[in-house]
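Here the structure comes first, spelled out in C-alpha cells, and everything after it is commentary.
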Amino acid sequence: MGIAVESEKTSGVWRSGKAELVVPDRPRRLFPQTRAIEIRLPAAFEVRDAARLAWQIKRAGFNAILLNCFSQGFTTFPSRTMPAYGFPVQAPRPRGSDAVAAVLSAARREELTVYALVEGLCVGSERRRGPILRRRPEWAVRGRDRFRRGAVPPFLCPANREVWRFLGDLFYEILEGYSFQGLYLRHLHFPLEAPDQRADFCRCDSCRRAVWLSLGVRIHEIPDDPDHPDRYNLTSWRGKQLTGLLHYLRLRAAKAAARPLTLAEVWLGDTENLGPEATGFADGGSWAQERWIPLAAFRPLPTVPEAGESWIKRIAAMAQCALVLPVLSALPEGRLIETIERLTYEPIAGIIVREPHDLTAPPLTLLAGGPWREPTQLTEDRPIVSVCTLLSETMRMLSPDDPIRAFLGDVLRAVEPLGERWSATQRESLHDNLLGFEERIADERIVMGKAAPAVLRNFRLARQLLRLVEIEA
Ligand SMILES: [Zn+2]
Numbered sequence: 403m404g405i406a407v408e409s410e411k412t413s414g415v416w417r418s419g420k421a422e423l424v425v426p427d428r429p430r431r432l433f434p435q436t437r438a439i440e441i442r443l444p445a446a447f448e449v450r451d452a453a454r455l456a457w458q459i460k461r462a463g464f465n466a467i468l469l470n471c472f473s474q475g476f477t478t479f480p481s482r483t484m485p486a487y488g489f490p491v492q493a494p495r496p497r498g499s500d501a502v503a504a505v506l507s508a509a510r511r512e513e514l515t516v517y518a519l520v521e522g523l524c525v526g527s528e529r530r531r532g533p534i535l536r537r538r539p540e541w542a543v544r545g546r547d548r549f550r551r552g553a554v555p556p557f558l559c560p561a562n563r564e565v566w567r568f569l570g571d572l573f574y575e576i577l578e579g580y581s582f583q584g585l586y587l588r589h590l591h592f593p594l595e596a597p598d599q600r601a602d603f604c605r606c607d608s609c610r611r612a613v614w615l616s617l618g619v620r621i622h623e624i625p626d627d628p629d630h631p632d633r634y635n636l637t638s639w640r641g642k643q644l645t646g647l648l649h650y651l652r653l654r655a656a657k658a659a660a661r662p663l664t665l666a667e668v669w670l671g672d673t674e675n676l677g678p679e680a681t682g683f684a685d686g687g688s689w690a691q692e693r694w695i696p697l698a699a700f701r702p703l704p705t706v707p708e709a710g711e712s713w714i715k716r717i718a719a720m721a722q723c724a725l726v727l728p729v730l731s732a733l734p735e736g737r738l739i740e741t742i743e744r745l746t747y748e749p750i751a752g753i754i755v756r757e758p759h760d761l762t763a764p765p766l767t768l769l770a771g772g773p774w775r776e777p778t779q780l781t782e783d784r785p786i787v788s789v790c791t792l793l794s795e796t797m798r799m800l801s802p803d804d805p806i807r808a809f810l811g812d813v814l815r816a817v818e819p820l821g822e823r824w825s826a827t828q829r830e831s832l833h834d835n836l837l838g839f840e841e842r843i844a845d846e847r848i849v850m851g852k853a854a855p856a857v858l859r860n861f862r863l864a865r866q867l868l869r870l871v872e873i874e875a
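Structure below.
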C-alpha cells in the first residue's frame with residue numbers, strides 16, 4: 403500500500419550524496435541486548451578463581467556482570483570510606499589481593515561489561531542488624547511497630563542527609579577506584595512489606611523534624627485513613643526524599659567517572675493498581691516515566707509470577723518510558739528460558755538474572771544453546787551503534803519495495819559517515835519518524851503482516867536508545 407514516508411522535514415535531514423548503504427558485516431552478531439548476571443563473591447573466593455568465573459559467565463551467553471560491591475552493610479572491596487565513618491572495612495575477606503579488581507580485569511579479558519551492584523538503603527538482613535546500624539542506630543528507618551525482630555531487614559532512612567553523604571562518598575569511591583561501567587542501585591526504597599499491608603511511615607528523628615518543618619504536621623498525629631490529606635502529603639513527601647537521594651547519587655557518580663551509567667532497580671506489581679506503595683515509589687514506574695532513571699531494572703513483587711502474562715504486559719508498557727531490564731530468577735529450572743522466549747518481541751533492552759543461581763547447572767548451562775544462540779553486545783554501552791543495528795536488522799525483514807525500508811536506507815546512508823556523532827536534530831527527527839511509523843503499524847494503517855511485532859519492537863527500542871543519548875548528553 404502507498405504511504406507518504408518522507409515529509410519535508412525528514413528529507414532535509416536524511417539526504418546524503420552517498421550511494422552505497424553500509425550495513426554491519428554481521429548484523430546478527432551485533433544485535434543489541436544486555437544479558438547481565440548478578441555475582442556475589444563467596445567468602446571462599448580466591449583471586450585466581452576470577453578467570454574461571456569470567457569464562458563461565460561468557461560461555462553461558464552473558465555479556466554483562468553486576469558485581470556485588472556493597473551488601474548488607476559490608477563492602478566486598480578494601481574501602482577507605484568505611485573506616486572513615488567508623489565501620490568495618492570489608493567482608494568477606496578474600497585470600498590474597500583485591501577480589502573485585504581481579505574479577506574486573508578477568509571480565510575485561512572476556513569482553514564483559516561490569517556494573518558495581520550496590521545495595522543502597524538495606525544494610526542488614528532479617529537476622530542481623532549489620533555493622534552500620536550497630537554504630538549509627540539513629541540512621542535507621544523507624545516504624546510504629548517496625549522492630550518486631552525478623553519482620554523486615556534493617557534499612558537506612560532516605561530522608562537523613564548524613565545517610566545521603568555516606569552513600570555518596572562510598573559510591574564515589576567505587577566508581578573512582580575501579581573501572582566499572584556504572585552503578586546498579588538496589589534497595590533505593592523503604593522496607594518492603596506485604597503489598598496488601600498498609601504503608602507505615604518512618605518516625606526517626608530526622609523524619610519527624612523534616613515533616614514538621616515542611617508539612618506542619620506531626621507524624622504520630624496523622625490518622626490511618628488512607629484518604630486523609632495529611633497522609634497523602636506524607637506519602638508524596640516520602641517519594642520526594644527517595645527521588646532526591648537518587649538525583650544526589652547520580653550527581654556524585656557523574657563526578658567520579660567520565661561516563662558512568664546509573665541503573666536503578668524498582669519493584670513492580672503486575673497491574674496498575676498493585677504498585678509497591680509501601681516502598682515509597684508513587685507507583686513502580688514513576689521514576690522511569692519521569693526519566694529520572696534512563697535504565698530501569700524492574701523486579702516483580704514477591705507475589706507476582708515473573709512468567710505471567712500480566713507481568714510481561716507491564717514490562718512492555720514500562721518500555722514506553724525507559725530502557726527496561728526485567729530482573730529474572732534462575733530458579734526453578736526451566737522457567738527462565740521460557741520467560742526469555744516470551745520476552746522476545748517486547749521492546750526491552752535486555753534482562754538481568756539475579757542471585758541465587760548456579761553457573762554450572764540448568765537453566766544457565768542451557769541458555770547458550772537455546773534462546774541465546776547469537777552473542778550480542780550491550781544495548782546501552784554504545785546506543786547509537788545499537789540504533790543503527792536495529793534499523794538495519796529491520797530493513798532485512800522488509801520487502802525490497804517497502805517504503806519504510808527505503809526510508810531506513812536513507813537514514814543509514816546519511817548517518818553512516820557520522821559514526822556516533824549525530825546531531826540533536828537528527829536524533830529528534832528519527833525519534834519522531836519512528837513514533838509515527840509505530841502508530842500507523844499499530845493501528846494497521848501500514849500493513850506489515852507477520853513482521854509487525856518485530857518491527858514495532860525494534861522501533862520502540864531504538865527510540866529509547868535515542869532518548870538515552872539525549873539524557874547522557
Ligand atoms: Zn526517617
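In this text, residue positions in the sequence shown follow my numbering: the first is 403, and each later residue adds one.
Even glycine gets a Cβ: it sits at the ideal position worked out from N, Cα and C.
Computed from a predicted structure; not experimentally measured.
Ligand 1 approaches Ala561 closely enough that one of its heavy atoms is under 6 Å from the residue's Cβ. For Pro702, the pairing in a beta bridge is given by DSSP as Leu670. Contact check for Ile621 against Arg633 fails: the beta carbons are separated by 7 Å or more.
In the three-state scheme derived from DSSP, where H, G and I count as helix and E and B as strand, Leu867 is classed as helix. In summary, Thr664 is buried, with 16 or more beta-carbon neighbours lying within 10 Å of its beta-carbon over all protein chains present. In terms of Cβ geometry, Cys604 and Arg538 do not form a close pair [threshold 7 Å]. Taking the Cβ of Cys524 as the reference point, every heavy atom of ligand 1 lies at 6 Å or farther away. With a threshold of 6 Å, the Cβ atom of Cys723 does not count as near ligand 1, since no heavy atom of the ligand is closer than that.
From the listed residues Leu837, Val787, Pro802, the smallest Cα separation to Gly821 is found for Val787. With a cut-off of 6 Å, the C-beta of Cys609 is classified as near ligand 1, since at least one heavy atom of the ligand falls inside that distance.
The residues Leu868, Val871, Glu872, in chain order, have a CB closer than 7 Å to that of Arg829 in the same chain once the five nearest residues on each side in sequence are set aside.
Judged by DSSP secondary structure, Arg437 falls outside any alpha helix (DSSP H) and instead within the beta strand (DSSP E) spanning 436-441.
Measuring C-alpha to C-alpha distances from Glu513 to each of Arg437, Arg450, Arg536, Asn562 identifies Arg437 as the nearest.
For Ser731, the beta-bridge partners assigned by DSSP are Arg756. In this structure, the C-beta of Cys790 stays at least 6 Å away from each heavy atom of ligand 1.
In the structure shown, Ile467 falls within a strand segment according to DSSP collapsed to helix, strand and coil.
With contacts defined as CB atoms closer than 7 Å, Ala698 and Val729 fail to qualify as a contacting pair.
In this structure, Leu644 places its C-beta atom within 7 Å of the C-beta atom of Pro560.
Shown here for Gly579: not one same chain residue has a beta carbon closer than 6 Å to its own, the five before and five after excluded. In the structure shown, Arg588 falls within a strand segment according to DSSP collapsed to helix, strand and coil. Shown here for Ala453: same chain residues with a beta carbon closer than 8 Å to its own, the five before and five after excluded, namely Ala508, Arg511 in chain order.
Around the C-beta of Thr746, fewer than 16 other C-beta atoms lie within 10 Å, and the residue is accordingly described as exposed.
About 5 Å separates the Cβ atoms of Val755 and Ile439, confirming a contact at the 8 Å cut-off. At least one heavy atom of ligand 1 falls within 6 Å of the beta-carbon of Cys604. Residue state for Gln779 is assigned as strand, using DSSP reduced to three classes. Looking at the DSSP output, Phe489 sits in no beta bridge, so it has no partner there.
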